[in-house]
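Same order as they appear, the protein sequences are chains A and B.
Yeah, the first sequence ends on 449 if you go by the UniProt record's numbering, and it's all consecutive.
Yeah, the second sequence ends on 483 if you go by the UniProt record's numbering, and it's all consecutive.
Scroll down for the structure; my scribbles are underneath it.
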Amino acid sequence: MYRLIIKQFIRSRAVVVTLSLLFIMGVVSIFIGRQFIEHEQRSIEQVTQHQHDHIERNVKYHGENVGLLLYYLRFALINKPTELAGLSIGQRDINPSVQRVTIRNLEAQKYDTDLQNPASLMYGNLDFGFVVVYLFPLVIIALIFNLLSDEKENATAKLVSIQSQSFRRYLFVKLSARAVVVYTMLFILFGIAIVVLNLPLDAALLAFVIVSVLYLAFWFALCFWITSLQKSSNYSALALLSLWLVLAIVLPAAVNSYVSNKFPVPESLSTFIKQRDGYHQKWDVDKGVTMEKFYNHYPQFRKYVAPDDEFSYTWYYAMQQMGDDEARYDSWAMRSKIRQREYTSRWWASFVPTMHAHLSFNELSRSSLENHLTFLDQTNAFHEKLRLYFYPYIFDNKPLPKDAWDSFTPEYTEHVQSVPWVSTLLPLVIVTAIFVLIAVFNMRKLVLH
Amino acid sequence: MRKNIVVLIARQFMMQVFKSSVFYALLLIVIAMLMFAAYSGWHSYTVQNEIRTHYQQEARKSWESNPDKHPHRMAHYGTFAFRLKHALSMFDFGMESYTGNAVFLEAHKQNSVNFSEASFSTGLLRFGEISVAMVLQVVIPLIVFFLGFSSVAAERQMGTLKVILIQGASWKELLVGKSTGLMMITTLFYIPAVVVIFFLLLFEGSMESDIMLRYGAIFLFYFIFYVIVSVVTIVISTLSRSSKDALITSLGIWLVFVVLLPRTAQAVGSYFYPAPAKVTFESAIEEDVIRQGDSHDPNDPHFKAIKDSLLHAHGVDSVQHLPFNYSGFIMREGERLSAVTYQRHLKELLGIYERQNDVGKIIAVLNPYMAIRNLSMAFSGSDLFAYQHFQQQAESYRYELAQTMNELQMKYIGNEKEKKGEKPHAIGKEHWMAFPDFKYKFQPFIHIAGTQVWSIASLVLWCVVVFFVVVKVSKTVKVIQNV
Numbered sequence: 001m002y003r004l005i006i007k008q009f010i011r012s013r014a015v016v017v018t019l020s021l022l023f024i025m026g027v028v029s030i031f032i033g034r035q036f037i038e039h040e041q042r043s044i045e046q047v048t049q050h051q052h053d054h055i056e057r058n059v060k061y062h063g064e065n066v067g068l069l070l071y072y073l074r075f076a077l078i079n080k081p082t083e084l085a086g087l088s089i090g091q092r093d094i095n096p097s098v099q100r101v102t103i104r105n106l107e108a109q110k111y112d113t114d115l116q117n118p119a120s121l122m123y124g125n126l127d128f129g130f131v132v133v134y135l136f137p138l139v140i141i142a143l144i145f146n147l148l149s150d151e152k153e154n155a156t157a158k159l160v161s162i163q164s165q166s167f168r169r170y171l172f173v174k175l176s177a178r179a180v181v182v183y184t185m186l187f188i189l190f191g192i193a194i195v196v197l198n199l200p201l202d203a204a205l206l207a208f209v210i211v212s213v214l215y216l217a218f219w220f221a222l223c224f225w226i227t228s229l230q231k232s233s234n235y236s237a238l239a240l241l242s243l244w245l246v247l248a249i250v251l252p253a254a255v256n257s258y259v260s261n262k263f264p265v266p267e268s269l270s271t272f273i274k275q276r277d278g279y280h281q282k283w284d285v286d287k288g289v290t291m292e293k294f295y296n297h298y299p300q301f302r303k304y305v306a307p308d309d310e311f312s313y314t315w316y317y318a319m320q321q322m323g324d325d326e327a328r329y330d331s332w333a334m335r336s337k338i339r340q341r342e343y344t345s346r347w348w349a350s351f352v353p354t355m356h357a358h359l360s361f362n363e364l365s366r367s368s369l370e371n372h373l374t375f376l377d378q379t380n381a382f383h384e385k386l387r388l389y390f391y392p393y394i395f396d397n398k399p400l401p402k403d404a405w406d407s408f409t410p411e412y413t414e415h416v417q418s419v420p421w422v423s424t425l426l427p428l429v430i431v432t433a434i435f436v437l438i439a440v441f442n443m444r445k446l447v448l449h
Numbered sequence: 001m002r003k004n005i006v007v008l009i010a011r012q013f014m015m016q017v018f019k020s021s022v023f024y025a026l027l028l029i030v031i032a033m034l035m036f037a038a039y040s041g042w043h044s045y046t047v048q049n050e051i052r053t054h055y056q057q058e059a060r061k062s063w064e065s066n067p068d069k070h071p072h073r074m075a076h077y078g079t080f081a082f083r084l085k086h087a088l089s090m091f092d093f094g095m096e097s098y099t100g101n102a103v104f105l106e107a108h109k110q111n112s113v114n115f116s117e118a119s120f121s122t123g124l125l126r127f128g129e130i131s132v133a134m135v136l137q138v139v140i141p142l143i144v145f146f147l148g149f150s151s152v153a154a155e156r157q158m159g160t161l162k163v164i165l166i167q168g169a170s171w172k173e174l175l176v177g178k179s180t181g182l183m184m185i186t187t188l189f190y191i192p193a194v195v196v197i198f199f200l201l202l203f204e205g206s207m208e209s210d211i212m213l214r215y216g217a218i219f220l221f222y223f224i225f226y227v228i229v230s231v232v233t234i235v236i237s238t239l240s241r242s243s244k245d246a247l248i249t250s251l252g253i254w255l256v257f258v259v260l261l262p263r264t265a266q267a268v269g270s271y272f273y274p275a276p277a278k279v280t281f282e283s284a285i286e287e288d289v290i291r292q293g294d295s296h297d298p299n300d301p302h303f304k305a306i307k308d309s310l311l312h313a314h315g316v317d318s319v320q321h322l323p324f325n326y327s328g329f330i331m332r333e334g335e336r337l338s339a340v341t342y343q344r345h346l347k348e349l350l351g352i353y354e355r356q357n358d359v360g361k362i363i364a365v366l367n368p369y370m371a372i373r374n375l376s377m378a379f380s381g382s383d384l385f386a387y388q389h390f391q392q393q394a395e396s397y398r399y400e401l402a403q404t405m406n407e408l409q410m411k412y413i414g415n416e417k418e419k420k421g422e423k424p425h426a427i428g429k430e431h432w433m434a435f436p437d438f439k440y441k442f443q444p445f446i447h448i449a450g451t452q453v454w455s456i457a458s459l460v461l462w463c464v465v466v467f468f469v470v471v472k473v474s475k476t477v478k479v480i481q482n483v
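What follows is the structure, given as structure tokens:
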């Protein structure tokens with residue numbers, strides 16, 4: 001019977017068209033992901049090359065004047081996208097993967113955005129995550145909405161129920177035939193992705209696959225629940241599409257607008273102004289006052305004295321430091337505001353599978369907001385390390401040994417791979433189980449006319 | 001075509017809809033969504049503009065509070081431009097969330113516009129946003145399909161279609177009548193949006209003629225859009241064998257036009273016209289500037305030539321004897337050159353973006369949803385052109401600021417370097433106050449209409465097409481559809 005059902009199912013032209021379309025979209029999305037990764041890869045190579053040339057040229061011009069040289073020199077820190085980011089580009093297209101900073105005031109530099117086409121950002125990426133979160137459910141709906149109602153409307157239900165031992169079992173087989181086809185499609189696409197994107201077979205990928213499987217299971221459960229209400233095809237189609245609209249568009253948008261209205265980030269603008277004023281206004285302040293503040297921050301540099309009656313780079317970088325120091329509170333407040341947004345979103349997401357799947361994909365692919373916040377923190381540490389390394393040279397006005405510059409190639413951020421299995425999978429399991437239970441309960445009373 | 005028959009059929013259609021309880025539930029849901037959307041649009045408009053105006057004033061205060069100093073210090077001190085939201089962005093957020101909101105304006109350097117809402121947002125933003133416009137564009141068409149899919153198909157299935165036609169109504173009257181009825185029902189969903197936005201504009205005191213023109217244009221275009229959607233729904237219902245087929249076809253069309261096409265069109269555009277990475281863009285400019293002449297390099301041929309001709313023209317032998325400040329002059333020249341170079345590269349980059357967006361623009365001719373989306377954003381001041389308009393204003397203000405400071409330097413600063421221990425060169429702080437603050441001006445109405453020719457053409461074209469389709473269908477359709 002199983003084979004016959006699959007055969008009957010695959011024979012329908014609409015089904016074949018729908019599945020082919022899904023397959024094409026899936027493959028296209030994987031190639032779009034690859035293009036994104038290659039673009040980032042090229043950008044990283046260019047940064048590496050550029051940094052080398054840039055240092056060489058500036059050392060040639062200003063090598064003797066370390067203070068001036070470091071005014072110009074920019075050093076790159078790279079938050080390299082994982083291969084998995086090809087499946088879920090997430091916020092990676094909005095937030096930069098490369099920070100190129102001078103040792104001057106960091107708050108003036110670290111929020112600089114990438115070049116981007118706002119129209120593309122608005123329409124969103126057609127990545128594999130989108131195909132799984134949006135399109136697979138639509139296909140599941142299309143395949144299942146008339147699972148039972150079709151048999152009733154064509155009066156085949158009674159016929160089948162007479163011929164088979166259990167009509168419920170028959171329905172279940174019909175459902176599982178569709179599930180087999182959809183999951184086969186999913187696994188084929190994952191197979192293609194592994195090859196095309198050269199994905200490492202690691203825990204993150206496994207989690208990504210399991211989240212997809214559970215997420216689709218949720219949609220099967222939801223569709224089965226609507227089927228179990230035993231209404232007409234029209235009713236089921238409308239109900240399911242409305243549910244899709246609510247889950248995939250309305251609820252996430254509502255939560256997002258709640259979060260962004262609840263936590264506006266004026267701190268970003270105050271940080272912006274404070275870092276400028278913190279540095280620039282020191283030009284009009286007594287040098288001693290600035291130096292004293294600088295020594296309080298870095299007691300180890302107290303031995304370097306800035307002459308009172310002329311310009312010196314010791315004073316200059318002390319002023320630059322004040323930009324960061326005086327914007328510190330606002331910058332911290334901005335950071336914690338953004339974290340609050342992240343936590344609130346995640347909390348709401350755990351009740352809504354679409355949101356949960358999307359955010360989990362981003363998390364696993366390291367393309368989430370959280371990942372970017374971590375990158376900003378890593379930028380702070382990177383910048384501090386550079387400062388502490390260069391300050392003594394600048395303050396002594398002692399050129400670096402020539403070969404020292406060779407070691408200043410772009411650095412990469414490091415990450416510990418860990419998958420929060422329970423918080424990633426549990427919400428999907430619970431929601432799916434709830435719908436399955438209700439559906440099974442409803443199915444106990446099956447009316448065939 | 002007899003008017004009274006059309007009215008009769010329209011009224012009968014509406015009566016039928018009014019009888020179903022689903023209609024009231026949908027109406028309530030839509031009104032609730034509209035109110036939520038209007039509230040969050042209004043909230044974010046007022047809060048964000050308040051924040052941005054506040055910081056624009058703060059920035060101005062700290063600019064003006066600078067003591068006497070060298071004008072070039074002020075050129076580096078710089079100032080900020082904060083992007084204000086247009087009043088109609090309450091209605092349609094468009095690209096608002098993806099565009100930067102604040103930019104630091106200083107000499108020598110074109111900074112990026114930072115702190116977009118998207119940069120503070122979790123992935124949830126990517127599901128889209130609930131604005132009044134989103135409800136009008138995405139949800140209401142779906143509801144029109146819900147309410148209209150069975151209009152003719154069900155009558156056919158139940159056999160009442162024969163009765164209507166036998167009683168003397170023509171196919172054309174039937175189609176026009178049903179479409180009119182559906183359109184009237186649609187209006188019930190759409191009027192609350194028109195009203196609530198009007199009151200929000202009134203409440204915010206944004207009733208200038210330019211805003212009213214935009215407001216009028218927006219709702220006129222939506223009206224046309226709904227006429228198209230209503231007629232298409234009725235035509236699908238007429239051509240389908242059963243109401244189930246009609247429903248599946250309409251939902252399919254909705255999915256393709258609203259969910260799939262826009263994103264795919266943009267993805268195709270981006271795929272075939274990849275934009276350069278930031279580092280590529282910046283280093284290309286850097287190289288060009290160095291090639292043209294480096295004002296920091298004393299032996300640079302470009303600047304050396306300028307120096308020689310200056311000395312010659314003024315009949316002096318060293319720059320110290322020039323009647324104006326020489327380094328101010330050189331910086332003015334450097335600023336001019338680098339600004340021209342930057343603009344050239346920027347134009348190239350924007351050209352790439354435009355080509356990426358062109359795919360969508362062309363598809364909009366086939367997809368009225370994209371046309372209305374573009375029009376709605378454009379007239380709400382939240383589309384790409386509005387953003388680029390801001391960027392241009394910020395850049396010309398920056399340029400003006402840098403050059404004004406250079407000119408002040410040329411005029412008031414001596415050519416002799418101050419000696420050690422001497423008071424540094426400075427000019428009076430009244431000059432800072434004399435330089436006007438940044439004031440953002442929105443695009444005028446007519447300017448926007450010019451950018452939207454394609455989308456307007458699309459809606460007009462669709463109107464013509466649906467008109468002919470109705471004529472054609474009413475001639476060829478049969479009461480009993482063959483399989």
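Beta carbons: idealized from backbone N, C-alpha and C, even for Gly.
Identify every residue that forms a DSSP beta bridge with residue i.
{"i": "I78 (chain A)", "result": "A:V98 and A:Y412"}
{"i": "V319 (chain B)", "result": "Paired residues: none, contrary to the question."}
{"i": "N234 (chain A)", "result": "Answer by DSSP bridge pairing: none, since N234 (chain A) is not bridged."}
{"i": "M110 (chain B)", "result": "According to the sequence as given, residue 110 (chain B) is Gln; it is not Met. Beta-bridge pairing links Q110 (chain B) to B:L105."}
{"i": "I427 (chain B)", "result": "B:K69"}
Could you check whether the Cβ of residue i sits closer than 8 Å to any Cβ belonging to chain B?
{"i": "R104 (chain A)", "result": "no"}
{"i": "D202 (chain A)", "result": "no"}
{"i": "P353 (chain A)", "result": "no"}
{"i": "V15 (chain A)", "result": "no"}
{"i": "N95 (chain A)", "result": "yes"}
{"i": "H50 (chain A)", "result": "yes"}
{"i": "S250 (chain A)", "result": "For the sequence presented, residue 250 (chain A) should be read as Val rather than Ser. Answer yes: the Cβ-Cβ gap between V250 (chain A) and chain B drops below 8 Å somewhere."}
{"i": "T374 (chain A)", "result": "no"}
{"i": "R276 (chain A)", "result": "yes"}
{"i": "residue 455 (chain A)", "result": "In the structure as shown, chain A starts at 1 and stops at 449, and residue 455 (chain A) therefore has no counterpart that could be examined."}
{"i": "A237 (chain A)", "result": "yes"}
{"i": "S345 (chain A)", "result": "yes"}
{"i": "P264 (chain A)", "result": "yes"}
{"i": "E342 (chain A)", "result": "yes"}
Could you tell me whether the Cβ of residue i comes closer than 8 Å to any Cβ of chain A?
{"i": "V483 (chain B)", "result": "A caution first: V483 (chain B) carries a pLDDT of 43, below 50, which makes its placement in the model too unreliable to give a value."}
{"i": "residue 485 (chain B)", "result": "Residue 485 (chain B) is absent from the model: chain B starts at 1 and stops at 483."}
{"i": "H302 (chain B)", "result": "no"}
Would DSSP call residue i helix, strand or coil?
{"i": "Y16 (chain B)", "result": "Note that residue 16 (chain B) corresponds to Gln in the displayed sequence, not to Tyr. Looking at Q16 (chain B) - three-state DSSP - the assignment turns out to be helix."}
{"i": "T79 (chain B)", "result": "strand"}
{"i": "I224 (chain B)", "result": "helix"}
{"i": "K60 (chain A)", "result": "helix"}
{"i": "I480 (chain B)", "result": "coil"}
Mind checking whether the beta-carbon of residue i lies closer than 7 Å to any heavy atom of the ligand FAD?
{"i": "S116 (chain B)", "result": "Because no ligand of any kind appears in the structure shown, any question about the ligand FAD cannot be addressed here."}
Scan the segment 247-308 of chain B and note each continuous alpha helix (DSSP H) run of 4 residues or more that stays entirely inside, going in chain order. 261-272 and 278-292
Taking the runs of the alpha helix (DSSP H) that are 4 residues or longer, which of them lie wholly in the segment 335-393 of chain A? 353-364
Residues, ordered as in the chain, of the segment 172-203 of chain A that lie near chain B by beta-carbon distance below 9 Å: none
Enumerate, from N- to C-terminal direction, the unbroken alpha helix (DSSP H) stretches of 4 or more residues contained entirely within the segment 98-141 of chain A. 118-123
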